[in-house]
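Inspection log for the structure reproduced underneath, given as structure tokens.
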Amino acid sequence: MTVARSASPDGGGGRREGAHVPISAPETTTDGPSAAEAVSLTGLEYSFGSTKAVDGVDLSVRTGEVFGLLGPNGAGKTTAIRVITTLLPVPAGVVRVFGYDVARQKMNVRRLLGYVPQQLSADASLTGRENVALFARVFDVSRKERAERVVQALEAVGLTEAADRLAGTYSGGMVRRLELAQALVSAPRLLILDEPTIGLDPIARDGVWEHISQVRAATGMTVLVTTHYMDEADQYCDRLALMHKGRIRAHGTPEELKNRLDERRREAGVDHASPVTLEDVFRDVAGSGLDDQGGGEFRDVRRTRRTASRVG
Amino acid sequence: MSAAPVAPHPESAERLDLLLTAPAARTGWRVVPARVLAMCIVELQKLRHDRTEIYTRAIQPALWLLIYGETFTRIRAIPTGGIPYLDYLAPGIIAQSAMFISIFYGIMIIWERDSGILTKLLVTPTPRAALVTGKAFAAGVKAVIQVVVVVVIAALLGVSLTWNPLKLLGVVAIVVLGSAFFSCLSMSIAGIVLTRDRLMGIGQAITMPLFFGSNALYPVSAMPGWLQVISKFNPLSYEVDALRGLLIGTPAHLGTDYAVLAFAAALGITAASALLARLAR
């Protein structure tokens with residue numbers, strides 16, 4: 581697969597990026613290469629049949645940051661996430677979570693993860709409290725601590741009042757917050773959210789993000805989030821990677837990404853009245869391929885729609 | 005940092021204290037029983053919220069006993085060794101209703117996979133085999149509750165059943181083992197076919213042969229030779245044999261029955277665990 585636009589804004593193709601991690605947070609660069617890394621992908625590839633979903637991705641998520649993996653449907657974000665969460669094998673490349681090899685130390689990795697998949701994954705036939713208690717049990721929370729931990733997790737996402745209602749009666753935003761509580765009850769060091777706000781109305785989206793930010797501020801956990809809402813990425817993520825057709829096309833802080841495009845535009849003499857947005861950066865990186873690519877496989881779209889309709 | 009930093013709410017930060025430390029990991033042999041318990045609790049919680057399935061699933065066994073059983077008791081066409089046919093039939097129908105519940109358990113697995121519930125469980129520190137064992141025993145819990153309903157129906161129809169608590173405990177064990185096997189069979193097929201529609205079709209296609217190819221309705225000795233051979237490989241036959249022996253006191257091969265069902269359950273758990281990875285993709 582040839583890259584239509586190998587000269588991405590930061591001047592490197594996906595594969596080389598691990599070699600020069602952009603210096604966006606100077607205080608962490610003095611650390612060793614992996615000491616400050618929550619997640620590191622090196623040369624990750626993953627294929628479904630003849631389709632390369634992930635085509636040589638290098639990525640590094642630093643401890644404590646909110647890292648956004650952006651891209652259209654079918655960009656390979658979810659596949660990358662599923663590899664990191666041990667759901668898929670690691671066919672080529674090395675994937676580490678806090679130093680643990682995802683291919684070999686699955687249980688160690690899983691103990692550090694809180695995972696909210698793209699679909700609404702709370703069990704509708706259980707109450708909110710029961711949903712969270714299940715995850716306390718499977719993460720070996722001791723019996724004497726369990727009830728209180730569940731209470732705290734529910735409170736952290738503002739579901740104390742609704743705790744004993746069946747999750748089937750929750751609104752989309754509430755289900756997302758419940759899933760967040762399920763993930764939080766085991767005190768994960770890395771919270772992985774796959775399209776957490778898909779299909780939610782703007783107010784519910786803000787609510788979900790507000791709780792993510794609060795919990796993160798209180799616990800210091802690392803957050804890895806995929807989204808295709810550029811405004812959310814701009815507002816809530818410390819650093820971003822833009823993914824398209826299985827490769828990372830650009831990464832950096834939202835400011836860096838925007839400034840780079842702004843500079844290039846000025847150099848090229850293109851005068852834009854409006855300030856550069858992440859959306860512009862993304863269009864620039866993905867090129868015209870965005871439109872004719874069709875936006876992902878049928879299965880992706882179907883899953884997204886299903887989630888969206890359940891949320892709505 | 006571009007995100008507007010949200011200052012931790014002093015109160016909420018204080019109440020989050022337990023969420024700051026990861027729970028101590030259970031290791032070794034204690035993992036499987038803990039996961040089994042967790043899955044069984046979920047099953048019981050679901051049944052507490054919605055009992056409809058227990059009631060609707062009681063209709064079919066009730067009709068088998070009421071219509072088929074009463075009719076064939078009059079005809080006296082089936083050699084039962086001197087006991088009323090309804091008594092002979094009751095353990096068979098109990099085993100059948102337990103099997104029906106478990107054999108469609110794979111559909112729930114596929115549903116849980118499509119809705120992301122399974123995906124999330126697979127990212128917890130739960131080995132695949134522990135998850136499958138948990139689900140298998142959860143199917144057993146559901147089947148036992150179903151069996152209680154059918155036993156009550158049978159008792160109301162005048163079937164003379166044992167009320168010896170030890171024997172009833174033996175019944176529970178047999179039903180759990182049988183359901184563990186049939187639910188794992190179903191989860192294995194789910195892992196192969198991956199869609200609900202196909203699993204429904206296969207489930208329908210195999211339940212009847214399993215049922216009629218067993219001693220649930222008639223003794224093995226009344227079957228043609230080829231069917232007797234099939235019956236020998238049918239775990240349902242062993243389940244019925246044990247239930248009959250325990251509940252109505254006919255001569256049974258309890259040692260063999262328990263051994264075969266335990267072996268079948270272990271085999272089922274192994275197969276389903278191996279195929280579960282396919283559902284994760």
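Protein sequences, first through last, are from chains A and B.
First residue of the first sequence? That's 581 in our numbering, and the numbers climb one at a time after it.
First residue of the second sequence? That's 5 in our numbering, and the numbers climb one at a time after it.
Think of the CB as a built atom: it goes at the ideal place given N, C-alpha and C, for glycine as much as any other residue.
Since the model is a prediction, treat every value here as computed from it, not as a measurement.
Backbone CA spacing between Leu172/B and Phe186/B [nearest angstrom]: For this step, residue 172/B is matched to residue 168 along the second sequence. For this step, residue 186/B is matched to residue 182 along the second sequence. Between Leu172/B and Phe186/B, the C-alpha separation is close to 21 Å.
Separation of Leu714/A from Tyr750/A, as counted between CA atoms: One-based indexing of the first sequence puts residue 750/A at position 170. One-based indexing of the first sequence puts residue 714/A at position 134. Using only the alpha carbons, I get a separation of about 18 Å.
Gly592/A (DSSP reduced to helix, strand or coil): Locating residue 592/A in the first sequence gives position 12, where the first residue counts as 1. Here Gly592/A scores only 38 on pLDDT, less than 50, and its place in the model should not be relied on; the value that follows carries that caveat. It is coil, neither helix nor strand.
Residues that Val728/A contacts on chain B, provided the C-beta gap is smaller than 8 Å: Position 148 of the first sequence, counting from 1, holds the residue named residue 728/A. In the sequence on display, residue 728/A carries Glu and not Val. Result: Leu22.
Interface flag, Ala733/A vs chain B, CB-CB below 8 Å: The sequence position of residue 733/A within the first sequence is 153, counting from 1. Ala733/A counts as touching chain B.
Listed by chain order, chain B residues near Ser722/A by CB distance under 9 Å: Along the first sequence, one-based indexing puts residue 722/A at 142. The answer, in chain order, is Pro27 and Ala28.
Within 8 Å, strictly: CB atoms of Arg222/B and Ile82/B: Here residue 222/B is taken as the residue at index 218 of the second sequence, counted from 1. Here residue 82/B is taken as the residue at index 78 of the second sequence, counted from 1. Position check: residue 222/B holds Tyr in this sequence, whereas Arg was assumed. Contact annotation: Tyr222/B and Ile82/B have beta-carbon atoms nearer than 8 Å.
Residue from Pro855/A, Ser630/A, Val674/A and Thr807/A with nearest C-alpha to Val619/A: Taking the first sequence and counting its residues from 1, the one referred to as residue 619/A is at position 39. Ranking the options by Cα distance to Val619/A, first place goes to Val674/A.
Cβ-Cβ separation, Gly694/A to Leu780/A (assumed contact under 8 Å), whole Å: Residue numbering aside, residue 780/A sits at position 200 when the first sequence is read from its first letter. Residue numbering aside, residue 694/A sits at position 114 when the first sequence is read from its first letter. The C-beta separation of Leu780/A from Gly694/A comes to about 19 Å, leaving the pair out of contact by the 8 Å criterion.
Lys632/A (DSSP reduced to helix, strand or coil): By one-based count along the first sequence, residue 632/A stands at place 52. Of the three classes helix, strand and coil, the one that applies to Lys632/A here is strand, per DSSP.
Beta-carbon neighbours of Thr128/B, restricted to chain A and to distances below 9 Å: Stepping through the second sequence from its first residue, residue 128/B is reached at position 124. Near Thr128/B (Cβ distances below 9 Å), the residues of chain A are Arg690, Arg691, Leu693, Tyr695, Phe715, Val718, Phe719 and Ser766.
Continuous alpha helix (DSSP H) stretch holding Leu231/B: start and end: The residue you call residue 231/B lines up with position 227 of the second sequence. Its alpha helix (DSSP H) spans residues Gly229 to Lys236.
Per-residue DSSP class, three states only, for Val677/A: As a working note, residue 677/A is residue 97 in the first sequence. Residue state, collapsed to three classes: strand.
Supposed close pair Ala184/B, Gly144/B - CB separation, criterion 8 Å: As a position in the second sequence, residue 184/B is number 180, starting the count at 1. As a position in the second sequence, residue 144/B is number 140, starting the count at 1. The Cβ separation is near 6 Å, so the contact holds.
Residues from the region 104-121 of chain B in contact with chain A, defined by Cβ distance under 7 Å: Listed by position along the chain: Ser119, Gly120 and Ile121.
For Arg282/B, the three-state DSSP class (helix, strand or coil): To locate residue 282/B, count along the second sequence from 1; it is residue 278. Correct three-state label for Arg282/B: helix.
Any C-beta of chain A under 8 Å from that of Ala284/B: Working through the second sequence from its first residue, we reach residue 284/B at position 280. Cβ-Cβ to chain A under 8 Å: yes for Ala284/B.
Cβ neighbour criterion (16 or more within 10 Å) applied to Leu160/B: Here residue 160/B refers to the residue found at position 156 of the second sequence. Counting of Cβ neighbours within 10 angstroms places Leu160/B among the exposed residues, the total staying below 16.
DSSP state of Phe647/A mapped onto helix, strand, coil: Position 67 of the first sequence, counted from the start, is the residue given in the question as residue 647/A. In the structure shown, the three-state DSSP call for Phe647/A is strand.
Buried versus exposed, by CB contacts within 10 Å (16 or more), Gly272/B: Your numbering for residue 272/B matches position 268 in the second sequence. Within a 10 Å sphere around the beta-carbon of Gly272/B sit 16 or more other beta-carbons, which makes this residue buried.
Cβ of Glu625/A within 8 Å of any chain B Cβ: The residue given as residue 625/A occupies position 45 in the first sequence. When Cβ-Cβ separations below 8 Å define contact, Glu625/A makes no contact with chain B.
Secondary structure, alpha helix (DSSP H): runs of 4+ residues fully inside the region 707-785 of chain A: For secondary structure counted as the alpha helix (DSSP H) over 4 or more consecutive residues, the region 707-785 of chain A holds these complete runs in sequence order: 708-718, 723-736 and 752-764.
Reduced DSSP category for Ile82/B - H, G, I as helix; E, B as strand; rest coil: By 1-based counting over the second sequence, the position of residue 82/B is 78. Here Ile82/B sits in coil by DSSP.
Alpha carbon of Met810/A to alpha carbon of Asp744/A, nearest angstrom: The residue you call residue 810/A lines up with position 230 of the first sequence. The residue you call residue 744/A lines up with position 164 of the first sequence. Rounded to whole angstroms, Met810/A to Asp744/A spans 35 Å at the Cα level.
Contacting residues, own chain, Cβ-Cβ under 8 Å from Arg726/A (five flanking each side not counted): Reading the first sequence from its first residue, position 146 is the one you call residue 726/A. Only Ala713, Ala716 and Arg717 meet the Cβ criterion.
Identity of the residue in Thr631/A, Leu667/A and Val730/A nearest Arg684/A by Cα: Reading the first sequence from its first residue, position 104 is the one you call residue 684/A. Nearest C-alpha to Arg684/A: Leu667/A.
Three-state secondary structure (DSSP) of His808/A: For the purposes of this step, residue 808/A is identified with residue 228 of the first sequence, where counting begins at 1. Note: His808/A maps to coil in three-state DSSP.
For Ala821/A, the first and last residue of its enclosing beta strand (DSSP E): Your numbering for residue 821/A matches position 241 in the first sequence. Ala821/A -> beta strand (DSSP E) spans Arg819 to His824.
Contacting residues, own chain, Cβ-Cβ under 7 Å from Val148/B (five flanking each side not counted): Taking the first residue of the second sequence as 1, we reach residue 148/B at position 144. Cβ contact annotation for Val148/B (same chain, cutoff 7 Å, sequence separation greater than five): Val176, Val179 and Val180, in chain order.
Backbone secondary structure at Arg827/A - three-state DSSP: If you number the first sequence from 1, residue 827/A lands on position 247. In the structure shown, Arg827/A sits in a strand (DSSP, three-state: E or B).
Within-8 Å CB hit, Thr123/B to chain A: Here residue 123/B corresponds to residue number 119 of the second sequence, with the count starting at 1. Contact of Thr123/B with chain A is assigned, a C-beta pair being separated by under 8 Å.
Short Cβ contact (8 Å threshold) for Leu90/B with Val163/B: By 1-based counting over the second sequence, the position of residue 90/B is 86. By 1-based counting over the second sequence, the position of residue 163/B is 159. Yes. Within cutoff.
Cβ-Cβ distance between Leu135/B and Arg39/B below 8 Å: Taking the second sequence and counting its residues from 1, one reaches residue 135/B at position 131. Taking the second sequence and counting its residues from 1, one reaches residue 39/B at position 35. Here Leu135/B is near Arg39/B, since their CB atoms are less than 8 Å apart.
Segment limits, alpha helix (DSSP H) that includes Val180/B: Mapped onto the second sequence, residue 180/B falls at position 176. Looking at the DSSP string, the run of the alpha helix (DSSP H) that includes Val180/B is Pro169 to Val197.
Under 7 Å from the C-beta of Lys50/B: neighbouring residues of chain A: Stepping through the second sequence from its first residue, residue 50/B is reached at position 46. Residues of chain A with a Cβ closer than 7 Å to the Cβ of Lys50/B are, in chain order, Ser705 and Leu706.
Endpoints, beta strand (DSSP E) assigned at Leu693/A: Stepping through the first sequence from its first residue, residue 693/A is reached at position 113. For Leu693/A, the enclosing beta strand (DSSP E) stretches over residues Leu693 to Val696.
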